[in-house]
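Line by line, the protein sequences are chains D and H.
Read in order, the letters of the first sequence are residues 1 to 299 in the working numbering.
Read in order, the letters of the second sequence are residues 1001 to 1363 in the working numbering.
From the three backbone atoms N, C-alpha and C, an ideal C-beta is built for every residue, glycine too.
Note sheet for the following structure.
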Amino acid sequence: MDYALQQLLNALAFGAEYSLVALGLAVVFSIMGLVNFAHGEIIGVSAYSVFLAAALGLTSPIVAVLLAVAAAALAAVTFERVAFRPVRYAPTTTGLLTAFGVSIVVQNLFMLLISPKPQSVSILNGLNQMWFFGPFAVSSLQVMELVVSGLTILALVLFLNKSTLGLAIRAASRDFATVRLMGIRANRVIATAFAISGALAGIAAVFILARRGSVSPDLGFGLVLKAFVACVIGGFGSLAGAAAGGMLLGFIEVGLLVALPQEYGGFKDALTYVIIVALLVYRPEGLLGQRVELGDKEI
Amino acid sequence: MSENAEIIAARPSGAATGVGNGRFGRSLVGGLVTALPVVVIGFAILAFAPAYYTHLALAAFVNLIVVVGLQVFMGNSNIANLGHSAFVGIGAYGVAVLSTPLAMKQLSIPNAPFGLALVELNPLVAALLALCVVAIIAAISGKIISRLSGVAATIVSLALLIIVHSVFLNWTDLFKGNQAFFGIPKVINLPAMLVASVVVIVIARLFKDSRWGLQLRASAQSPQAAAAFGIDARRLRLVAWVLSALICGLAGVLFAYFAGTISPKLFYFQQIFMTLAMLILGGMATVTGAVTGVIVLSIGLEFIRSIESGVTIAGIQLPQLLGLSGVALGVVIVLCMAFRPGGISGRLELDEQLSRLFRRNAR
C-alpha cells in the first residue's frame, strides 16, 4: 500500500511537471501556431541564470526561485522579439524550423560560453527533503511540484477567464484578426502569451534544478520533447489537452517503471513513445483535440 | 495565399503540357544536370585531393544522400521531418549486424539473438536486407504519420527517432549499446559513393516531377483544393515517407561500409541538426536546393571546425570554442527562415534556372 501510494505520488509529480511545460507550449501554439522547440532553452536560460547568480554569491533560495521565473519570462519574450516576430505570419513549418534553429543556437551558446559539461548548482537543494507524515515518508519536492503546479494552473485559468488580456488571448486562439479589429494590440497579446509560457518554464526549471542539482546545455531539451508529446496526445493547441496529456504521460512513465523488470529499464522511453504513438492511431487529433477540417487554419 | 500562385506560375511551361516520355526524359536530364556539380566535385577530389580530404568527402556524400532523402519527404509534403536519422541508423546497424565477419562478431556481439552472431552475409545481400528492414519500419511509421496533421506528424517523427535511438542504446546484445560497433567490411570507395549520389539525386528529381510528386506538392499547398481533385494526400505522404526513408537507409548502409565503425550517437540529434540546416539553407523545395545546401555547409562547417578544435592565438589554446559549429548551424537556420525562407536555390531546379538564363540571353 505504501509502495502504491509512493508510485502514485511519483506519477502525479512527473505529470505535474510535464503539464506545466506542455501548457507553456500550448499557450503559444494556440494563438500564433508556433511550435516552440526553443522552450527547452527557456528552461535552460532560467537554470543558467540561477547558476551564474549562485556563482556570483547569491545564497537565498527564495531570490533564486524568483530569479529563475523572471529570467525565463524575459528569455521567452526576448526570443519572440528577436527570432519569432519575423516569421509570425509564415507557415507553421517555417516557425517550427526557426524555433529549432533558436534551440540549437542557445544550447551551443551554453556550451561555448559556460561549459559543455554539467555544472553543479546546490542553491535549491534545500527544496528536496524527506517529509514524514506519520508512517509515510514523502519527498517534499514532489509534494511541492504537485501543489505549485496545481496553483499555477489555477492562476492561469483565472487569468484567462477574468482579465481582459486573458480574454484577448483566448479570443486570439480562435480568430486573431477579429481580436485586432477590437482594438487589442497583437504585439501585446503575443508578448503576454510568451511571458506566461516563459514563467511556466521557469517554475519547471526550479524543480529540475532542485532535483538534479546541476545544469547542462541540453537540460530542457529532453523535457520539452516529452511536453510536445503530451501536447500531441492532448490535442495540439488545447490547454486542457496539454495539462491532461502531461498527466497521462506521467502515469504512463511511472507505470512502465513499475511494470518493467530492472534489466529492461532502459526501454522505458522507447515504450512510452510507442504507447503514445499507438494512442494516436486511434485518435489522430489527440484526446481533447477537435477534428479540424484541413485548411481551416489558413487565413 | 501568395505562395500558391507563385508555385503555379513557377511550373515551367513545358512540364505542364509534356506527357509520357517527354516529361520523363526532361526530368531525367534535369536530375543529371542537378547532379553535375556533385560529379565535378567528386572527380576533382579523386584526381587532386590528399587522402584526408577523401575521407571528409565520403562523409559529405553520405550527408548529401541523407539530405536528398529528407528533401523527398519535406520538400514535397511540406511537413518537417525530424526523425530521418532513425532510418540512417537502421540502415547502418542493419548491415553492421548482417555483414560483419564472424571472428569480429565473436568479440563484439557473441550473444546476439536469433542466431545473428553466426550470420555473415555478402555485403550486397546484407545491404538489400537492411533496406528491407528500413522499408518495413518506414511503412509502419509512415502509416501513422501520414494520418496526422503537420505538427503532430513532426512530433511523431521525433518520437520515432528517440524510440530507435533508445533501442540501439539498450539492446546491447544486438547493437553493442553505447559502444562503437566495429569491424564492418569497408567495401565502399569514393567512385561507388559518387554513383550512389547521382542515382539518388536522379530518383529524387524523378519523384518530384512524377504524377505523385506533383499531386503531393499540390496537396501541401492547398489540402482542400487537392482533395477536391480526388488526390489521396495520405497515400502520397506514405509513399514519399517510405521513399525518403529508403534513401536515408541507403545513406546509412554506405556510411557503415566506408567508415567500418558506427555508434548510436552518430545517428541522433547532431546529424538531424546538420542535415536539416543543409536542406533549409539550400532550399527544401528543390533537389538542387538539397545539393547546394550540402556543398555550401560542408565547406563552411569544415572551416568552422578548424577554428573550433583549438586555434592557437598568441600562444593560448582555445578549447572552449566547442559549440561554435552548432551556433553557426542554428544561426543559418534562423536567418534563412527570417530572410529567405526559400533557401539559396528558391523554387527552381538548376536546369530550370539555366534554361531561363539561356532564354533571356538569346532574346
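Output yes or no for whether 7 Å exceeds the beta carbon distance between methionine 1337 of chain H and valine 87 of chain D. Position 337 of the second sequence, counted from the first residue, corresponds to residue 1337 of chain H. Position 87 of the first sequence, counted from the first residue, corresponds to residue 87 of chain D. For methionine 1337 of chain H and valine 87 of chain D, yes; Cβs fall inside 7 Å.
Distance cutoff 7 Å, beta carbons only. Does tyrosine 18 of chain D sit that close to anything in chain H? As a first step, residue 18 of chain D must be located in the first sequence, where it is residue number 18. No, tyrosine 18 of chain D lies away from the interface with chain H (no Cβ there is under 7 Å from its Cβ).
With a cut-off of 8 Å on the beta carbons, I'd call alanine 22 of chain D and glycine 246 of chain D a contact; round off their distance for me. Within the first sequence, the letter at position 22 stands for residue 22 of chain D. Within the first sequence, the letter at position 246 stands for residue 246 of chain D. Confirmed, about 4 Å.
Assign alanine 1092 of chain H to one of three DSSP states: helix, strand, or coil. Locating residue 1092 of chain H in the second sequence gives position 92, where the first residue counts as 1. In this structure, alanine 1092 of chain H counts as helix in the three-state DSSP scheme.
Listed in chain order, which residues of the region 1152-1186 of chain H have Cβ atoms closer than 7 Å to some Cβ of chain D? Ala1152, Thr1154, Ile1155, Val1156, Leu1158, Ala1159, Ile1162, Ile1163, Ser1166, Val1167, Leu1169 and Asn1170
Consider the Cβ of glycine 255 of chain D: report whether some Cβ of chain H lies at a distance smaller than 7 Å. Numbered from 1 along the first sequence, position 255 holds the residue referred to as residue 255 of chain D. No, glycine 255 of chain D does not count as interfacial toward chain H.
For leucine 1161 of chain H and alanine 1086 of chain H, the rounded distance between their alpha carbons: For the purposes of this step, residue 1086 of chain H is taken as residue 86 along the second sequence, with counting starting at 1. For the purposes of this step, residue 1161 of chain H is taken as residue 161 along the second sequence, with counting starting at 1. Between alanine 1086 of chain H and leucine 1161 of chain H, the C-alpha separation is close to 5 Å.
In three-state DSSP terms, what is glutamine 119 of chain D? Sequence index remark: in the first sequence, residue 119 of chain D carries index 119 (1-based). In this structure, glutamine 119 of chain D counts as strand in the three-state DSSP scheme.
Own chain residues within Cβ distance below 6 Å of threonine 1261 of chain H, not counting five before or after: Translated into the one-based positions of the second sequence, residue 1261 of chain H becomes position 261. Cβ within range, chain order: Ala1180 and Phe1182.
Using a Cβ cut-off of 7 Å (strictly closer), state whether leucine 1238 of chain H contacts chain D. Stepping through the second sequence from its first residue, residue 1238 of chain H is reached at position 238. So no, leucine 1238 of chain H is outside the interface.
Cα-Cα separation between leucine 1236 of chain H and alanine 1227 of chain H, rounded to whole angstroms: Within the second sequence, residue 1236 of chain H is the residue found at index 236, counting from 1. Within the second sequence, residue 1227 of chain H is the residue found at index 227, counting from 1. If I take the Cα positions, the gap works out to 12 Å.
If you draw a straight line from the alpha carbon of threonine 272 of chain D to that of aspartate 1351 of chain H, how long is it in whole angstroms? Residue numbering aside, residue 272 of chain D sits at position 272 when the first sequence is read from its first letter. Residue numbering aside, residue 1351 of chain H sits at position 351 when the second sequence is read from its first letter. Their backbone Cα atoms lie some 47 Å apart in a straight line.
Ordered list of beta strand (DSSP E) runs contained in the region 125-154 of chain D, each at least 3 residues: 130-133 and 136-139
Under DSSP, the alpha helix (DSSP H) around tyrosine 1052 of chain H begins and ends at which residues? As a working mapping, residue 1052 of chain H is identified with position 52 in the second sequence. Run containing tyrosine 1052 of chain H: 1051-1077, per the alpha helix (DSSP H) assignment.
Starting from the N-terminal side, write out each stretch of the alpha helix (DSSP H) that is 4 residues or longer and does not extend beyond the region 224-284 of chain D. 239-259 and 268-282
List the endpoints of the continuous alpha helix (DSSP H) containing leucine 1354 of chain H. Position 354 of the second sequence, counted from the start, is the residue given in the question as residue 1354 of chain H. Leucine 1354 of chain H -> alpha helix (DSSP H) spans 1350-1362.
Contact belief for valine 1156 of chain H with isoleucine 1144 of chain H at Cβ below 8 Å, rounded distance in angstroms: Here residue 1156 of chain H corresponds to residue number 156 of the second sequence, with the count starting at 1. Here residue 1144 of chain H corresponds to residue number 144 of the second sequence, with the count starting at 1. Yes, they are in contact, since the Cβ atoms of valine 1156 of chain H and isoleucine 1144 of chain H sit about 6 Å apart, within 8 Å.
Is it the case that the Cβ atoms of valine 121 of chain D and phenylalanine 194 of chain D are separated by a distance below 7 Å? By one-based count along the first sequence, residue 121 of chain D stands at place 121. By one-based count along the first sequence, residue 194 of chain D stands at place 194. Result no, Cβ atoms of valine 121 of chain D and phenylalanine 194 of chain D do not sit closer than 7 Å.
Cβ neighbours of glycine 1289 of chain H in the same chain (closer than 6 Å, five flanking residues each side left out): Along the second sequence, one-based indexing puts residue 1289 of chain H at 289. Correct list, in chain order: Gly1282, Gly1283, Gly1343 and Ser1345.
Which residue's Cα is closest to the Cα of phenylalanine 1207 of chain H: H/Gly1230, H/Gln1071, H/Leu1169 and H/Arg1359? To locate residue 1207 of chain H, count along the second sequence from 1; it is residue 207. Cα-wise, what sits closest to phenylalanine 1207 of chain H is H/Gln1071.
Count Cβ pairs between the region 1323-1334 of chain H and the region 1266-1277 of chain H that sit closer than 8 Å; are there 3 or more? yes
Among D/Pro217, D/Tyr264 and D/Ala172, which one has its Cα closest to the Cα of valine 45 of chain D? Residue mapping note: residue 45 of chain D aligns to position 45 of the first sequence, counting from 1. If we check each option's Cα against that of valine 45 of chain D, D/Pro217 comes out closest.
Starting from the beta carbon of valine 77 of chain D, find every residue of chain H whose beta carbon is closer than 9 Å, and list them in chain order. Position 77 of the first sequence, counted from the start, is the residue given in the question as residue 77 of chain D. Neighbours of valine 77 of chain D on chain H: none; closest Cβ ~17 Å, over 9 Å.
Strand pairing of valine 215 of chain D, partner residues [DSSP]: Stepping through the first sequence from its first residue, residue 215 of chain D is reached at position 215. Its beta-bridge partners are D/Gln119.
What is the DSSP secondary structure of glutamate 17 of chain D, reduced to helix, strand or coil? Taking the first residue of the first sequence as position 1, residue 17 of chain D is located at position 17. If DSSP states are grouped into helix, strand and coil, glutamate 17 of chain D belongs with the helices.
Suppose only complete runs of 4+ residues qualify. What are the alpha helix (DSSP H) ranges in the region 1085-1135 of chain H, listed by chain order? 1102-1108
Using beta carbons (cut-off 7 Å, strictly below), is leucine 1266 of chain H in contact with chain D? Mapped onto the second sequence, residue 1266 of chain H falls at position 266. No, its Cβ sits nowhere closer than 7 Å to a Cβ of chain D.
Residues of chain D with CB closer than 7 Å to the CB of proline 1341 of chain H, please, in chain order. By one-based count along the second sequence, residue 1341 of chain H stands at place 341. What proline 1341 of chain H touches in chain D: Ala90 and Thr94.
By the 7 Å beta-carbon criterion, what residues does the region 1293-1310 of chain H contribute toward chain D? none
What's the C-alpha gap between alanine 1047 of chain H and alanine 227 of chain D? Within the second sequence, numbered from 1, the residue matching residue 1047 of chain H stands at position 47. Within the first sequence, numbered from 1, the residue matching residue 227 of chain D stands at position 227. Near 51 Å, if we compare the C-alpha coordinates of alanine 227 of chain D and alanine 1047 of chain H.
Residues of the region 1190-1217 of chain H whose Cβ lies closer than 7 Å to any Cβ of chain D, in chain order: none
Locate the alpha helix (DSSP H) running through glutamine 107 of chain D, then write down its first and last residues. Taking the first sequence and counting its residues from 1, one reaches residue 107 of chain D at position 107. Taken as a continuous stretch (DSSP letters only), the alpha helix (DSSP H) holding glutamine 107 of chain D covers 92-113.
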